[in-house]
Structures are given as structure tokens and as C-alpha cells.
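Asker: Here it is: the structure, laid out below.
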Amino acid sequence: MSSEQNKHPGVLLSAGDVELTVDPADGCRIESLRIGATEVLRQPENGKPFGCFPMVPWCGRTENGIFRDGEKVHQLPVNSPPHAIHGTGRDTRWRTVHRDTASASFTYDLTSPWPYAGRVTHTLELTPDTLTLTMGVETYDNSFPAQVGWHPWFRRNLGSGADVELSFDAAWQEERGDDHLPTGRRIDPLPSPWDDCFGMPDGVDVTLTWPQQLEIRVTSREEWVVVYDEQAAAVCVEPQTGPPNGLNTLPRLVTPVDPLEAAATWSWRRLG
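The opening residue of the sequence shown carries number 56 in the numbering used here; numbering runs sequentially from there.
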């Protein structure tokens, strides 16, 4: 039996002529988002799944895979040498706890190699012109630092017409060092190409426009977004609750009375 035949079936959501498929067995990754006949997410290629995956319990790179929680020092798997990148949620089988025609919720329990107990919940709600993503991390035990975010791979070109154009107004850019981590300095935003974190204190607001075809606006109440456009096939707009290496530089605690919660919305309009 082929690997495709063995593949765990995804959960299909639909609203109007919009369809979304998410696979809880593959890190709760959104495999496909089709707006009408148009697929907007990069599809699997050369063994890489792409789509859109949740980043949890950290986002981006953690320096040398090490983070400190008070006097405790923890080592994470170095999966993007020399750093640990994008969390463990994308490598985990999630459980489906709710689904209907246009919404679904998934959970998984934090476990090794993450050193703390907790539970992650990811909810997707689809309408004919929006997708709302909500993620939370809760604990009933020890408090710990964590981050959540989303890593979509939007197709640079939808198969016809011009490449996507990105538009956003950031208050600052985190200066990136040679190690791809923020140096701690905030600078005026630089022009593309980007693999960079930007600050938007009034909330993330980035518009992707495929001229005469489609516009997608990515918004979130969070103030951090990583924009990556260094590959020819896709661009990434990643709302998240802190900057890369934020477990060390800007820790946000999950406590028994104060879970970490975040949301992002993609809203679209057709231009053709």
C-alpha cells in the first residue's frame, strides 16, 4: 500500500464555495484552503508538507535550543541547527474534539521534549469570506513560558497573473543578527527580502494582494509578525505572541489562572 493510501484522512470544512482541509494527525496542519477554484496555500513538495501549521509552544528559533525559566535551564531538540525552531505541535498527532460543517477544534497534551505539562487547543472557524484561528495553552500544574502562532505558506503565484504583493505598516523591525535571531535592537523597517520579525503595537495587519485575482488580509490582536519571502514559490505571514527567541527575551507565562490565548483572522475578497 502506498504512503498516500496510508495517509490519515483530513477534516474537511466548507462554507459557500470555500473549502479547508486540516489534518490532526499531521500537526493539525491546514493542508488546503480553496477559495472557489483557487488553492491559496503551497502544496506538498519534495517530501515537505507546507500548508499552514500551528507554532506551539514556541515560535521561530530558540537560541541553541536552550531556554531558561528562572534558574531552570531546558534543552530543546535542535531541529534547525544550531537552533530549535517552530515548536513541537507541528510534529504531534492532535485529537479532534469538535467538528461540524464549518468549524472544528483539536487538542494535544504537552509532553517530552517539552518539559512542562499542559494542554493546547486549536480551533478553526470558516465562513465564505473569513477564516478565524484560535489557539490556547493551559496548565493545571507548574507555570511556564510559552508562545503560540501560525505559519502559513501562501502561494506566491496563484497559477496565472502577477505574483503576490505584500503591504503592511510596521512600527519597527527587530534587527536580525547573523544567527537569524533578533539582536535586541529595534530598527526602521527595511525593504524586502525578509526573514524578519516586525512590531505592530496596534495589532498585526498585513495584506496580500494577487492583482486582479484575490486579496487576503491577515489580522491579529497580537503585535508580532514574522514575514518570510525568500523563496520563489511562497511567502509567509506569521502572527505570533512574541518574537523569535522570545522564550528567553520576552517570556509570557502560562499559569493555572492565566492561560495563553491568541487568535488570527484571514479575510478575503475576490478581485477578478
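No residue lacks a Cβ here, since even glycine has one placed at the ideal position from N, Cα and C. Please read all numbers here as calculations on a predicted model, not as lab measurements.
Which one of Asp184, Cys291, Pro200 and Ala80 has the shortest CA to CA distance from Gly191?
Answerer: If we check each option's Cα against that of Gly191, Pro200 comes out closest.
Asker: Per the DSSP calculation, His177 is bridged to which residue(s)?
Answerer: DSSP output for His177 lists Phe161 and Met190 as bridge partner(s).
Asker: In three-state terms, what does DSSP make of Gly254?
Answerer: Here Gly254 sits in strand by DSSP.
Asker: Return helix, strand or coil for Ala201, following the three-state DSSP convention.
Answerer: It is coil, neither helix nor strand.
Asker: Measure from the alpha carbon of Asp250 to the alpha carbon of each residue in Asp257, Pro306, Asp234 and Gly258, then state which is nearest.
Answerer: Ranking Asp257, Pro306, Asp234 and Gly258 by Cα distance to Asp250 puts Asp234 first.
Asker: Please report how far the alpha carbon of Gly91 lies from the alpha carbon of Ser69, in whole angstroms.
Answerer: About 11 Å.
Asker: Leaving out five residues on either side along the sequence, give the residues of the same chain with a beta carbon under 8 Å from the beta carbon of Leu305.
Answerer: Contacts found: Gly297 and Pro298.
Asker: Tell me which same chain residues have a C-beta within less than 6 Å of the C-beta of Pro88, skipping the five on either side of it?
Answerer: For clarity, residue 88 is Leu in the given sequence; the question names Pro instead. Cβ within range, chain order: Leu75, Val95 and Leu96.
Asker: What are the boundary residues of the beta strand (DSSP E) that Leu67 is part of?
Answerer: Residues Val66 to Ala70.
Asker: Output yes or no for whether 8 Å exceeds the beta carbon distance between Val273 and Pro294.
Answerer: Yes, the Cβ-Cβ distance between Val273 and Pro294 is below 8 Å.
Asker: Rounded to whole angstroms, how far is the Cβ of Glu180 from the Cβ of Ser158, which I believe are closer than 8 Å?
Answerer: Contact holds; Cβ gap of about 4 Å.
Asker: Taking the alpha-carbon of Pro132 as reference, which of Glu126, Ala289, Gly125 and His141 has the nearest alpha-carbon?
Answerer: Pro132 has its Cα closest to that of His141, out of Glu126, Ala289, Gly125 and His141.
Asker: So, does the stretch 308-315 touch the stretch 275-285, judging by three or more C-beta pairs under 8 Å?
Answerer: With the cut-off at 8 Å, the stretch 308-315 and the stretch 275-285 do not touch.
Asker: Taking 8 Å as the cut-off, does the stretch 169-183 touch the stretch 213-231 (at least 3 CB pairs, one atom from each stretch)?
Answerer: Result no; under three Cβ-Cβ pairs closer than 8 Å.
Asker: At which residues does the beta strand (DSSP E) containing Leu131 begin and terminate?
Answerer: Unbroken run through Leu131: none, as it is neither H nor E.
Asker: Return helix, strand or coil for Ala139, following the three-state DSSP convention.
Answerer: In the structure shown, Ala139 sits in a strand (DSSP, three-state: E or B).
Asker: When the distance is taken between beta carbons, is Val282 closer than 8 Å to Phe54?
Answerer: Because the chain here runs from 56 to 327, residue 54 falls outside it and cannot be looked at.
Asker: In this structure, how does DSSP classify Cys81 when only helix, strand and coil are distinguished?
Answerer: Sequence check: residue 81 is Asp here, not Cys. The answer is helix: DSSP assigns Asp81 an H, G or I state.
Asker: When the Cα of Gln130 is compared with those of Asp72, Trp323 and Ile121, which residue comes out closest?
Answerer: When only C-alpha atoms are compared, the closest one is Ile121.
Asker: Excluding the 5 residues preceding and the 5 following Glu126 in the sequence, name in chain order all residues of the same chain whose CB lies nearer than 7 Å to its CB.
Answerer: Excluding residues within five positions, none has a Cβ falling inside 7 Å.
Asker: So what's Asn61 in DSSP terms, helix, strand or just coil?
Answerer: Below a pLDDT of 50, predicted positions are generally treated as unreliable, and Asn61, at 44, falls in that range; the measurement from the model is reported next regardless. Reduced to three states, the DSSP call for Asn61 is helix.
Asker: Shortest alpha-carbon distance to Leu165 belongs to which of Asn212, Pro183, Gln202 and Thr238?
Answerer: Residue Gln202 is the option with its Cα nearest to Leu165.
Asker: For Trp321 and Ala80, I'd like the C-alpha separation in whole angstroms.
Answerer: Each residue's alpha carbon lies about 23 Å from the other.
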